[in-house]
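Undergrad: Quick one: structure below, then a few questions.
Chains as they are written, first to last, in the working numbering: chain A, 34 to 274; chain B, 58 to 424.
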């Protein structure tokens, strides 16, 4: 049981050390970029950039989870099956779409800043969740649900006790990859003025200051690993697999 | 519980699954629905617990229409078992069996007691099986758990849809035997679907033979075998109907006392159980040693003329006449020793089996 907590606690500690303690940040960046005088991105401290980044990811992923799971459930209920083929195609199509393109497409509507970034991340993040939900619900065998109904499960208890728990591992891994990918993609938000850990990266690229670039890149990398590790605490394989 | 179908029609699009079917199934009987695939047997079963809603016609349980219940309440009062795939893979054996009692909100202690009782009933050791997951069970064990789950809330009516179809033939025979003995003590009203004629004949009090959504014949297995109502029924039951009839009869019913003698320290005792040229020889405990032709007995050493009894030349009391006949045909023997728990119990003769095959026409007159 304790083993499950090792990875998330480790990555969280590492992230906190790098992000909160400026002497550590400076020390590491100084080692990686010898001779660089301006090691830290000056316009905002790393902690607030990280929190900004998290806010982007949390908002967009929460929306993605609600819409993805909701749509997945809706099209697998008897009254929603009409839209099932559309959902299947969207879910497959989403995997082939580059995230930067989503951002580029949303700017004309919403201008610059937080809102278009969240919208872009939301749209991009919804599809893996939808896919995971559909796969998860799809692998629950029809005769199992028939047995449940025959034993006297109502629609809600059948969902809560049989269909849901059996679909959950697939849904969860869809959500997990959606959120982790969003942590990386959210860095692109800086190009449209949304701030976050993309800001030092973009600034570093523009000014050719690789310390800035690494400051943002290391932090967002650690953030992705941390988030992924926390998802891993819940994800357990089904006993049947 | 009496189940009545009245003019039940079920259409899937333009396809007729049940064609205006009227039938009443008797209280506390084990009725087997049998027929070729597409004959409507599963559909008919599923109208009883309202998993299938007929296009027209009514289904009643003890006079009350099944659609007058809330479906969940109706189903919680009816045991339902399907092939082993119906076990919830993410629940333990105990939790699977507890499904309906939990829905009925029984107390935790009462559920635990019931699970234990049912596992014992279906022949699984509770301490070993309660906490296993379905994927850790053999096919036969999973089927037993399926039956236990169907029985969990002690429903008066049990619906079983091909419950033994996913196991090998040997296990299936054993499960059928166990199920019959459970049914002998519980006396539920059971409706059982199978496509296996032999299974139907072995288990049924009465068989409903279906074809194209209609009842071809509703009769006891004996009547069905003796007097199939239509050419289809005769074809479906097969040309080995006389043999199938024998599978309904046990050796114990037709065995006679065996001419026997005890062999004790090289000396043969007196022959009991009637005069006979051939006698069965046992030790002093009654264990079968072999058979002996008394005309070859010169008086010196009976052991020298004793032909030892091989395992394949012995038949158990509980075996069916069909099995006994099969041993006789296979070995050329015209009589077999019948044993119970290793001891010689009697003998069964080819002649008696032939009689059984022919006289069953008379037996159907019995209630």
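All residues carry an ideal CB built from backbone N, CA and C; glycine is no exception.
Leaving aside the five residues before and after residue 351 of chain B along the sequence, list all residues of the same chain whose C-beta is less than 8 Å from its C-beta, in chain order.
TA: On the second chain, residue 351 of chain B is found 294 positions in, with the first residue counted as 1. If we look at residue 351 of chain B and ignore the five residues flanking it on each side, its Cβ neighbours are 328, 333, 334, 335 and 336.
Undergrad: Residue 144 of chain B to residue 237 of chain B, Cα distance in whole Å?
TA: Taking the first residue of the second chain as 1, we reach residue 144 of chain B at position 87. Taking the first residue of the second chain as 1, we reach residue 237 of chain B at position 180. One C-alpha to the other measures close to 22 Å.
Undergrad: Rounded to whole angstroms, what's the CA-CA distance from residue 286 of chain B to residue 274 of chain B? Just pull it up for me.
TA: Stepping through the second chain from its first residue, residue 286 of chain B is reached at position 229. Stepping through the second chain from its first residue, residue 274 of chain B is reached at position 217. Taking the straight line joining both Cα atoms gives about 6 Å.
Undergrad: Can you find a C-beta in chain A that's less than 8 Å from the C-beta of residue 143 of chain B?
TA: If you number the second chain from 1, residue 143 of chain B lands on position 86. Taking Cβ atoms only, chain A reaches closer than 8 Å to residue 143 of chain B, which makes this a yes.
Undergrad: Does the stretch 143-157 of chain A come into contact with the stretch 171-178 of chain A, if we say contact requires no fewer than three beta-carbon pairs (one atom in each stretch) closer than 8 Å?
TA: The stretch 143-157 of chain A, when compared against the stretch 171-178 of chain A, does not touch it at the 8 Å Cβ threshold.
Undergrad: Cα separation between residue 69 of chain A and residue 164 of chain A?
TA: Here residue 69 of chain A refers to the residue found at position 36 of the first chain. Here residue 164 of chain A refers to the residue found at position 131 of the first chain. Residue 69 of chain A and residue 164 of chain A: Cα-Cα distance of roughly 46 Å.
Undergrad: With DSSP run on the structure shown, which of helix, strand or coil describes residue 162 of chain B?
TA: Here residue 162 of chain B refers to the residue found at position 105 of the second chain. Correct three-state label for residue 162 of chain B: coil.
Undergrad: Please list, in chain order, the residues of the stretch 162-189 of chain A that have any C-beta partner in chain B closer than 8 Å.
TA: The stretch 162-189 of chain A vs chain B, Cβ under 8 Å: 174, 176, 177, 179, 180, 181, 182, 183, 184, 185, 186 and 187.
Undergrad: Would you say residue 204 of chain B and residue 134 of chain B are within 8 Å of each other, going by their C-beta atoms?
TA: Sequence index remark: in the second chain, residue 204 of chain B carries index 147 (1-based). Sequence index remark: in the second chain, residue 134 of chain B carries index 77 (1-based). Not a contact, by the Cβ cut-off of 8 Å.
Undergrad: For a test of your reading of the model: does the CB of residue 37 of chain A fall under 7 Å from any non-hydrogen atom of the ligand HEM? Yes or no.
TA: Absence of the ligand HEM is noted for the structure shown, with no ligands found whatsoever.
Undergrad: Short check: CB of residue 212 of chain A to CB of residue 90 of chain A, under 8 Å?
TA: Residue 212 of chain A sits at position 179 when you count from the first residue of the first chain. Residue 90 of chain A sits at position 57 when you count from the first residue of the first chain. Going by C-beta atoms, residue 212 of chain A is nearer than 8 Å to residue 90 of chain A.
Undergrad: Measure from the alpha carbon of residue 401 of chain B to the alpha carbon of each residue in B:344, B:95 and B:379, then state which is nearest.
TA: Taking the second chain and counting its residues from 1, the one referred to as residue 401 of chain B is at position 344. Ranking B:344, B:95 and B:379 by Cα distance to residue 401 of chain B puts B:344 first.
Undergrad: Tell me, please, which residues DSSP counts as bridged to residue 35 of chain A.
TA: Counting from one through the first chain, the residue named residue 35 of chain A turns up at place 2. Looking at the DSSP assignment, residue 35 of chain A forms no beta bridge with any residue, so it has no partner.
Undergrad: With a CB to CB cut of under 6 Å and the five nearest residues on each side skipped, what residues in its chain are close to residue 262 of chain B?
TA: As a working note, residue 262 of chain B is residue 205 in the second chain. Here the set comprises 86 and 87.
Undergrad: Counting contacts by CB-CB distance shorter than 8 Å, is residue 147 of chain B in contact with chain A?
TA: If you number the second chain from 1, residue 147 of chain B lands on position 90. Yes - at least one Cβ of chain A is within 8 Å of the one on residue 147 of chain B.
Undergrad: Pick out whichever of A:254, A:93 and A:247 has its Cα sitting closest to the Cα of residue 63 of chain A.
TA: Taking the first residue of the first chain as position 1, residue 63 of chain A is located at position 30. Of the candidates A:254, A:93 and A:247, the one whose C-alpha sits nearest the C-alpha of residue 63 of chain A is A:247.
Undergrad: Taking the C-alpha atoms as reference points, what is the distance between residue 200 of chain A and residue 101 of chain B?
TA: Indexing the first chain from 1 puts residue 200 of chain A at position 167. Indexing the second chain from 1 puts residue 101 of chain B at position 44. The alpha-carbon atoms of residue 200 of chain A and residue 101 of chain B are separated by roughly 31 Å.
Undergrad: On the DSSP bridge list, what partners appear for residue 325 of chain B?
TA: Residue 325 of chain B sits at position 268 when you count from the first residue of the second chain. Partner(s): B:320.
Undergrad: 8 Å is my cut-off, CB to CB: does residue 420 of chain B come that close to chain A?
TA: By one-based count along the second chain, residue 420 of chain B stands at place 363. Interpretation of residue 420 of chain B is limited by its pLDDT of 46, a score under 50 that renders its predicted location unreliable; no figure is taken from the coordinates.
Undergrad: Any chance the stretch 70-87 of chain A sits against the stretch 43-53 of chain A, with 3 or more Cβ pairs inside 8 Å?
TA: Flag = yes, the stretch 70-87 of chain A and the stretch 43-53 of chain A touch.
Undergrad: Assess, as a yes-or-no matter, whether the stretch 177-196 of chain A is touched by the stretch 122-140 of chain A under the definition of 3 or more beta carbon pairs within less than 8 Å.
TA: As far as the Cβ criterion goes, the stretch 122-140 of chain A does not touch the stretch 177-196 of chain A, which means the pair count is below three.
Undergrad: Judging by CA-CA distance, which residue of B:359, B:292 and B:311 is the nearest neighbour of residue 6 of chain B?
TA: Past the boundaries of the shown model lies residue 6 of chain B; chain B is included only from 58 to 424, so the question cannot be answered.
Undergrad: What residues in its chain sit with their C-beta under 8 Å from that of residue 410 of chain B, if we drop five residues either side in the sequence?
TA: Your numbering for residue 410 of chain B matches position 353 in the second chain. Cβ neighbours of residue 410 of chain B beyond the five flanking positions: 303, 311, 378, 381, 382 and 385.
Undergrad: Which whole runs of the beta strand (DSSP E) in the stretch 122-209 of chain B are 3 residues long or more, in chain order?
TA: Fully enclosed beta strand (DSSP E) runs of 3 or longer: 135-138.
Undergrad: Excluding the five sequence neighbours on either side, which residues of its own chain have a C-beta within less than 6 Å of the C-beta of residue 371 of chain B, listed in chain order?
TA: Position 314 of the second chain, counting from 1, holds the residue named residue 371 of chain B. Excluding residues within five positions, the ones whose Cβ falls inside 6 Å are 394 and 396.
Undergrad: Quick one: is residue 108 of chain B near chain A, going by C-beta distance under 8 Å?
TA: On the second chain, residue 108 of chain B is found 51 positions in, with the first residue counted as 1. Yes, residue 108 of chain B counts as interfacial toward chain A.
Undergrad: Could you run through the stretch 155-180 of chain B and flag, in chain order, every residue whose CB is less than 7 Å away from some CB of chain A?
TA: Residues passing the 7 Å Cβ filter: 156, 157 and 160.
Undergrad: Residue 195 of chain A touches chain E at which residues, Cβ-Cβ below 7 Å?
TA: Going by chain labels, chain E is absent from the structure shown, which instead holds the protein chains A and B.
Undergrad: DSSP three-state label for residue 63 of chain B, please.
TA: Within the second chain, the letter at position 6 stands for residue 63 of chain B. Strand.
Undergrad: Helix, strand or coil for residue 392 of chain B? Go by DSSP, reduced to three states.
TA: The residue given as residue 392 of chain B occupies position 335 in the second chain. Three-state result, residue 392 of chain B: strand.
Undergrad: Hey, quick one: how far does the beta strand (DSSP E) through residue 87 of chain B stretch, first residue to last?
TA: For the purposes of this step, residue 87 of chain B is taken as the residue at position 30 of the second chain. Here the beta strand (DSSP E) through residue 87 of chain B covers 87-91.
Undergrad: Who are the neighbours of residue 132 of chain A on chain B, taking C-beta pairs under 9 Å?
TA: Against the first chain, residue 132 of chain A aligns to sequence position 99. Neighbours of residue 132 of chain A on chain B: none; closest Cβ ~35 Å, over 9 Å.
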